[in-house]
Every structure is written in structure tokens, then in C-alpha cells.
Amino acid sequence: MSSSITLKLCRFDSGSLVTETKFLRDVDRSYYAISHIWGDALWRNVPGIDHEVLVSEEKARFIIEELPSAVGDKYFWMDVLCIDQADDDARIAVVQHIPSIFRQAAKTIVVKDGKGVRRCCLDAMGDLNNWPDTEAGPRVRLLSHMREFHINGLEEGVLLRLWPWQETVLSDHLQFLSCREPDPGQERRNRLASLKFDPFVSHNSFRAITDGIHAWAHAWSRVFSDTESWIDEDIRFIIALLTNGSITRRSRIHSSLGFFSEGSATGFRDELWSQLNSMRVTSHPRDFILATLPQYGWYAPPTQARSMSFGELFVDCFEQGRRACRGFAPLISSGIIDGGRTDQPVSDEVPTPTCLGDFVKLLRGPVPHSVPYLPRWAVLDCQIIPVKLHDVPPVMEIALYIIRRSMEMAAAVWAMAHRGELHAYGTWPECYEGPNVDVELEVLDLERELQLFRLGTEDARKEAEDLRSRRIRFRHEDRVKQRESLSPHFCSMNAICIINLMWAGNFEQDEGLKPEWEWVRNWLLKQAPNHLYIAHLVQLTAMISCGLGISAFEWVQQHLAPMLVEVNGRLELVLVSRAYLNRDGLREAFCYLQATNDGGREDMVLMGAMQGRQTLTQVGFFGTLGD
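So the mapping is simple: our numbering equals the position in the sequence shown, first residue as 1, plus 876.
Shown next, in the form of C-alpha cells:
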């Protein structure tokens, strides 16, 4: 209960920071909460504070220059100032109180890092009230501006980290502030030195920023009951975010115990499903659970959360949700891990998420995970259909056809992946085309070397040796590049760029990448090491189509295999449990097919017979390919 929570709060007194411990009930709605990202934090001495603080250089400058005027003489809560960051127990203990701290604050001050949308961008965008205009509105002008003046893209930290999303969604009253914008010249030099060449990075960055802004605005405005209010609130939120303004939610429709705390299961699903494409990250994977679920009344962090693995926390959150009748099912059942030897609905051997979207995907499992065993069963709109499992042919042309069909039939999923998780890898793969040797130039160099050696002078000999060293160095560099291009790790990373370019070249007409994709396609068909690329490309395709985050690539390699089946005349790409396939060389399974009431869509679950029982259990996933 918040009435018993004690809280250390800060305030400025004559330029110095003082702290006091209060009961939260005694300061309800009378203090400010500060939401920010840590950045490159180091222990620093900050004027006005009598102890070292773990902050970045930019945040230290903000605390000195901006924070005093922002809070005045009010009490405020800021984690780096109110919690001893050297005390692990204190940092863990406060996590469970974050929802109460931000929900009961008079307002939340959101501190941007200054590296996202700049003043020059705002000048270029014009009237932000026209944000929905996709033909000549602010977003169109922002893209044009970024292509000309921010060719290496922009990144706003509060759009990339998990905690600011959680803290702002809990808050009714928001004020946005910004750290000092970085020096454009130095930033350009740093980026040119650190980034590989990608001519489309500004466009990808634009998509990431605008999508992140939309998702954040949508999550904050979801407390309203009608769509028209959502749209209005979205625009108000976006304007406040970009212009360092303030915004207050006009009303709330949910319990003070938390959004959807005791209400419908669909509310919980809708709230998290809106973050399915979120690339927000956190330092500790457990925070994807501990930072998102405590706002719901049905979830309580385990007392031993600090010592639990992510998988153990995931099983615990599922069990709490099941007892509270929340409407979600885990993506990974025990049957997938052990090949159908058990039929438990959840397993702790799940891939560890690297972003919020990965975590949300783990909550979007198929239903059911087990059913009674019958060769062909039809009850209402459900069917169980026997299917045979086939290996994907190791032919690049066939693999590219399978990938293309998967993209077409799961277009919404792929569009989200392109704007989200694939964005970080870019659309510019590295294609090794063989030895980088100009034969004519090499012959001329050799002739020149011989001429110089015949001259016999010291200067001529030195010039000849320089020519030889250059030729040997070029050949060595080429051999290194060739060796790297054949490594499994290089191919797996490059394959992500390839499928991202394939989607953009075929389905994102405004990006104009069709010629680039055709060139890479020809390279794949003629020169690429197909034995490596086919496996990686097909696995990545199956993962995206089946709803798994690409960060689970190595986990999928260990537990699942991409295969083909035919269901009702349609070719289907599936991911099948390797443990199931290893049971006596099984190559037969069942498709559980259930029609839904949303426009005739069909949900399909790949199931297999449990060992020694007359029950089917989930052993894989479907990624639709179509006719």
C-alpha cells in the first residue's frame, strides 16, 4: 500500500541540494517526479551536491543549469539523486514503488537528451497541428530536412529506453525539457568515424523517430474511451514532446490502482500490444517485466525477483496472469522445448528479450497449447489436419520465392519489423564480389617493379619495394575480407540487412530501393556462399513471420528448425521443435486450425502427438505463405 511507502525526496535550498524522507501518503500530488535516461554515466562531483553522483556529463550540466528553475522550491524525486546508486539492494527495492511514485506526483518532468528532433527540425516542420497530414505535413518536411541536414540520422534517448515509457504512461501531468543540443560539427565527425556507410540511414532514422513518437503518444492517450479522443490526445502529446511543452490528461477512465488493474483482460492486451514494435531497451532483461507489469493491479513482483532469471520471472508473471484471468498466452510452451513430452503451457527456457517488443511477442502465444488427440477433428469452427513436414530445398531461387511469399502473406508483420527491429541493421548489406584485383593494373605494377630493380639505384629499389608491399597488402586485405564474408556470424548479420532490403525494395515504394534489391538478388543467385545464406535467410524469415524477435536468432537455431508443410492447398512455412523432430525421426504433425471472427482470419498452431499419451501439444509455429 502506498500509505506505508517511505520516500527520499530532494529540493533545492539556496542553490544546495537537500534531502528528506517522507511517507508517500503525506506528499501525495505535492512533489515532482523526474523521468530521464542515464546515458554514459560516471561518478561525478556536481556543484551544490555534497556527494558524488552517477550521471552523464550532459545530465550533470542539466542538474546544474536547468533543474533548479524547473522544480523551484518543490520537493522532487530523481533516481540518481534520491537513491544510492552504489547500493544494489536500494536500487532493486525501489522498482516495485515506481508506479506509485510517478502516479502520485504532481507532475512528471521528462528530460530529453537533446540528440533527437532539434530546433532546426522544428523550424523545418512548421505547424505541428497538421501532424496527421501525410502529403505535405510536418512529417514530410521533417524527412526532407533530415535527408539534407541529418544524413546520419537522429536518436532521442527517451524514445529508446524502457523506463521513460513506463513512467510517463503512469503520469497524468507531463512537462518536457531537454538537455543542451550537441555541437553539430563534432557530432558529424563522431558519426562519420563510427558508422558504416548506409545511404538510407536518414530515412530509417526518420521512421524510427516518428514511429517511436506515435507509439509513446498512443500508450499515454489510451486512458480515453473513444478513438476521437485518442487522436486528439496523440497530437497534443506530440506537440508537447517536440516543443518542450506541458500536457495534462483531461480525464481518466481507469482505477487509481493502475490502468486496467481490475478491469477487462482485453485492456491489458491492448495496452501492451501497442508496443509490439517497440525497440525500447533496458540494462536488465528482468525490467521488461518489473517495469511494465507492476502498474496492473493483478501483478506483484516476487520477493526474490533480484535472484530470479528472466525465464523464472516470466513463468511467475504468466501464473499470476492466469490466476487473475488476464487474456494472454505465452508464445513458448514446454512442448516446443522438450518435443511434446509435456503439455505445460509455459516454459522458463524462453529467449531473453533485448527490447520491449521482443518481450511483448513472448506474450502473444497461440491458443490452445494442447488438445485431445484425434486424426481429424472438427468442432464448431476448429479443425485438426494431419500434415507432413518437408525440408526447405537448399536452392537460393526457391528460398527467395519462399521469403517473398512469406512477406506478401504476412505484410503487416513485415512492415512493422522493417520499421522496428530490422531498422537497427540498415538496408545496405556488404556483398563480397571476389578478389578485388585489377589485372591490367597488376601487370603494369609488376613491369614497373622489374624496371626499377634493373635500374639498381637505391631510390629505384625503394620504390619497387613500396610497389610490392602495396600489392601484398591489398591481397592480404582481400583475403581477410573474403574470410570474414564466409563466417557464419557475418552471414547471419548480413542476412538481416538483406531481408530488410528485400522488403523495402519490393514493398516500400517510397524508399526507391528496387534497383538496389535487384542487384543484391543477382549477387545472391550468382556469387553468394549459398550454403550459409539460405539457412540464415529462411530462418530469419520464419522467425519474423511466426512472431519471434530476431534477437532470438541463436535460441531458435538451438530449439527450432524452419520447414514447409501444405495445409488446405496452401504452402506454409513453419518453425518446428528440433526435439520433436529428433523423436524417432518424426516428420508428421498436425495443424490446429481455428477460424476467428475478425474478417475470416485463421489462427493455426503446429501440434504433435505427445509421447505415450493421446494428446496433441504445441511443437511449433506457423508463418503464412499462402497459395
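Quick reminder that beta carbons are idealized off the backbone N, C-alpha and C, glycines included.
Sub-8 Å separation of residue i and residue j beta-carbons
i, j, result
"residue 1383", "residue 1283", "yes"
"residue 1299", "residue 1083", "yes"
"residue 1303", "residue 1028", "no"
"residue 1364", "residue 1408", "yes"
"residue 920", "residue 946", "no"
"residue 882", "residue 895", "no"
"residue 1110", "residue 1491", "no"
"residue 968", "residue 1182", "yes"
"residue 1221", "residue 1209", "yes"
"residue 1116", "residue 1050", "yes"
"residue 1499", "residue 1212", "no"
"residue 1114", "residue 1035", "no"
"residue 1190", "residue 1387", "no"
"residue 1455", "residue 1241", "no"
"residue 1434", "residue 1177", "no"
"residue 1425", "residue 1234", "yes"
"residue 929", "residue 900", "no"
"residue 913", "residue 954", "no"
"residue 1265", "residue 1032", "no"
"residue 1412", "residue 1373", "no"
"residue 1272", "residue 1400", "yes"
Supposed close pair residue i, residue j - CB separation, criterion 8 Å
i, j, result
"residue 1263", "residue 1466", "7 Å"
"residue 988", "residue 1058", "No, residue 988 and residue 1058 are not in contact; Cβ-Cβ is about 12 Å, not under 8 Å."
"residue 948", "residue 924", "No, residue 948 and residue 924 are not in contact; Cβ-Cβ is about 15 Å, not under 8 Å."
"residue 1326", "residue 1339", "Actually they are not in contact, since the Cβ atoms of residue 1326 and residue 1339 sit about 12 Å apart, beyond 8 Å."
"residue 1379", "residue 1290", "5 Å"
"residue 1164", "residue 1038", "7 Å"
"residue 1268", "residue 1414", "5 Å"
"residue 981", "residue 907", "6 Å"
"residue 1055", "residue 1155", "Rounded, the Cβ-Cβ distance is 21 Å, inconsistent with contact."
"residue 1045", "residue 1093", "That belief does not hold up - the Cβ atoms of residue 1045 and residue 1093 are roughly 11 Å apart, past 8 Å."
"residue 1449", "residue 1292", "18 Å between Cβ atoms; not a contact."
"residue 1423", "residue 1207", "7 Å"
Three-state class that DSSP yields for residue i in the structure shown
i, result
"residue 1338", "helix"
"residue 1014", "helix"
"residue 1363", "coil"
"residue 1175", "coil"
"residue 1183", "helix"
"residue 886", "strand"
"residue 1022", "helix"
"residue 1345", "helix"
"residue 1158", "coil"
"residue 1304", "coil"
"residue 1385", "helix"
"residue 1081", "helix"
"residue 1486", "coil"
"residue 1263", "strand"
"residue 1094", "helix"
"residue 1225", "coil"
"residue 1390", "helix"
"residue 1253", "For residue 1253, the predicted structure reports a pLDDT of 36, less than 50, and the residue's modelled location is therefore unreliable. The matter cannot be settled from this model."
"residue 1496", "strand"
"residue 1284", "helix"
"residue 912", "coil"
"residue 1052", "strand"
"residue 1371", "helix"
"residue 1271", "coil"
"residue 899", "strand"
"residue 1397", "helix"
"residue 892", "strand"
"residue 1193", "helix"
"residue 991", "coil"
"residue 1122", "strand"
Status (buried if at least 16 other CB within 10 Å, exposed otherwise) for residue i
i, result
"residue 1370", "buried"
"residue 952", "buried"
"residue 880", "exposed"
"residue 1444", "exposed"
"residue 1237", "buried"
"residue 1391", "exposed"
"residue 1008", "exposed"
"residue 1259", "buried"
"residue 1140", "Summary for residue 1140: the model assigns pLDDT 46, below 50, so the residue's position carries little reliability; its value from the coordinates is reported in the next sentence. By the 10 Å Cβ count, residue 1140 comes out exposed."
"residue 1098", "buried"
Minimum Cβ-Cβ distance from residue i to chain C less than 8 Å
i, result
"residue 1280", "This model lacks chain C altogether, as it is built from one protein chain only."
| query | What runs of the alpha helix (DSSP H), each 4 residues or longer, lie entirely inside the stretch 1400-1478? | reply | 1406-1421, 1429-1435, 1454-1457
| task | With a floor of 3 residues, list each beta strand (DSSP E) that falls wholly inside the stretch 928-983, ordered by position along the chain. | result | 929-931, 951-953
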